[in-house]
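Chains A and B, in that order, are what the protein sequence lines are. Its first residue numbered 4, the first sequence is counted upward by one per residue in my numbering. Its first residue numbered 75, the second sequence is counted upward by one per residue in my numbering. Positions of the beta carbon are idealized from the N, C-alpha and C atoms, including for glycine. Comments concern the structure below.
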Amino acid sequence: DAGVIQSPRHEVTEMGQEVTLRCKPISGHDYLFWYRQTMMRGLELLIYFNNNVPIDDSGMPEDRFSAKMPNASFSTLKIQPSEPRDSAVYFCASRKGTRGNQPQHFGDGTRLSIL
Amino acid sequence: AQSVTQPDIHITVSEGASLELRCNYSYGATPYLFWYVQSPGQGLQLLLKYFSGDTLVQGIKGFEAEFKRSQSSFNLRKPSVHWSDAAEYFCAVGAIGADGLTFGKGTHLIIQP
Numbered sequence: 004d005a006g007v008i009q010s011p012r013h014e015v016t017e018m019g020q021e022v023t024l025r026c027k028p029i030s031g032h033d034y035l036f037w038y039r040q041t042m043m044r045g046l047e048l049l050i051y052f053n054n055n056v057p058i059d060d061s062g063m064p065e066d067r068f069s070a071k072m073p074n075a076s077f078s079t080l081k082i083q084p085s086e087p088r089d090s091a092v093y094f095c096a097s098r099k100g101t102r103g104n105q106p107q108h109f110g111d112g113t114r115l116s117i118l
Numbered sequence: 075a076q077s078v079t080q081p082d083i084h085i086t087v088s089e090g091a092s093l094e095l096r097c098n099y100s101y102g103a104t105p106y107l108f109w110y111v112q113s114p115g116q117g118l119q120l121l122l123k124y125f126s127g128d129t130l131v132q133g134i135k136g137f138e139a140e141f142k143r144s145q146s147s148f149n150l151r152k153p154s155v156h157w158s159d160a161a162e163y164f165c166a167v168g169a170i171g172a173d174g175l176t177f178g179k180g181t182h183l184i185i186q187p
């Protein structure tokens, strides 16, 4: 089975530009999570969806960040305008079922560098 | 809110030696506990999980972990490490009624030949 697929794997762009990260969850999974990983703060949950509906976006750092899930097989995380402090690795994860003891399956991440 | 502490930022172990990575959590009830491994440039891969029952859980790649409620710990062990085990290891906790996971800062494992 295909795992969680993220694109692009690497993104380098200049400050002020719009950045869009993409994620395709595992088929049949009804939860989707976006995380950010930095050296200073580790892995932080940004937002998650259940059945395409955003449930908790309290981890989204600023209004510059937005996420959507238009259907069960696709989600985007957008940063507009981007800033150097947004540089990090962004992970998408998906999970099947409502029980919190079910594991999350992670994609390989998008390494974002804002110059 | 729950929290996770991984006290060791780096650990160096000789190939063939035993390994124990520490994880302490803070949560008012019985948590859901996970260990993930991250190889360079890769995402996180689940090693094992605990949510109830036998406090010693077996995972992939020869890893095991033991849940100790009295110590609020969930330490990861392997009897004999291989060079391919060099990676970043993350402990994570999930709470009843919550969907997100809280991760520790990770432990970087270095294997000496």
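N- and C-terminal bounds of the beta strand (DSSP E) containing residue i
| i | result |
| --- | --- |
| residue 37 of chain A | 34-41 |
| residue 179 of chain B | Looking at the DSSP string, residue 179 of chain B is not in any beta strand (DSSP E), and its letter there is neither H nor E. |
| residue 164 of chain B | 161-168 |
| residue 93 of chain A | 91-98 |
| residue 148 of chain B | 147-152 |
| residue 99 of chain B | 98-100 |
| residue 17 of chain A | From DSSP, residue 17 of chain A is part of no beta strand (DSSP E); its letter is neither H nor E. |
Closer than 7 Å to chain A by CB, residue i
| i | result |
| --- | --- |
| residue 106 of chain B | yes |
| residue 148 of chain B | no |
| residue 125 of chain B | yes |
| residue 120 of chain B | yes |
| residue 173 of chain B | yes |
Any C-beta of chain B under 7 Å from that of residue i
| i | result |
| --- | --- |
| residue 52 of chain A | no |
| residue 11 of chain A | no |
| residue 1 of chain A | Nothing in the structure corresponds to residue 1 of chain A, since chain A is present only between 4 and 118. |
| residue 100 of chain A | no |
| residue 48 of chain A | yes |
| residue 111 of chain A | yes |
| residue 106 of chain A | yes |
Opposing strand residues paired with residue i [DSSP bridges]
| i | result |
| --- | --- |
| residue 50 of chain A | A/37 |
| residue 45 of chain A | A/41 |
| residue 82 of chain A | A/22 and A/68 |
| residue 120 of chain B | B/110 |
| residue 57 of chain A | A/52 |
| residue 186 of chain B | B/88 |
| residue 141 of chain B | B/148 |
C-alpha gap between residue i and residue j, whole angstroms
| i | j | result |
| --- | --- | --- |
| residue 178 of chain B | residue 57 of chain A | 25 Å |
| residue 23 of chain A | residue 81 of chain A | 4 Å |
| residue 55 of chain A | residue 77 of chain A | 9 Å |
| residue 96 of chain A | residue 126 of chain B | 23 Å |
| residue 99 of chain A | residue 105 of chain A | 7 Å |
| residue 113 of chain B | residue 135 of chain B | 14 Å |
beta-carbon residue i near the ligand SAH non-hydrogen atom, thresh 6 Å
| i | result |
| --- | --- |
| residue 70 of chain A | Although the ligand SAH was asked about, the structure shown includes no ligands whatsoever. |
- Message: When you compare the stretch 58-69 of chain A with the stretch 83-92 of chain B, are there three or more beta-carbon pairs, one atom per stretch, that lie closer than 8 Å?
- Response: no
- the stretch 23-42 of chain A touching the stretch 91-107 of chain B, judged by at least three CB pairs closer than 8 Å: no
- Stretch-stretch touch, CB-based, cutoff 8 Å, three pairs: the stretch 100-119 of chain B with the stretch 152-162 of chain B: yes
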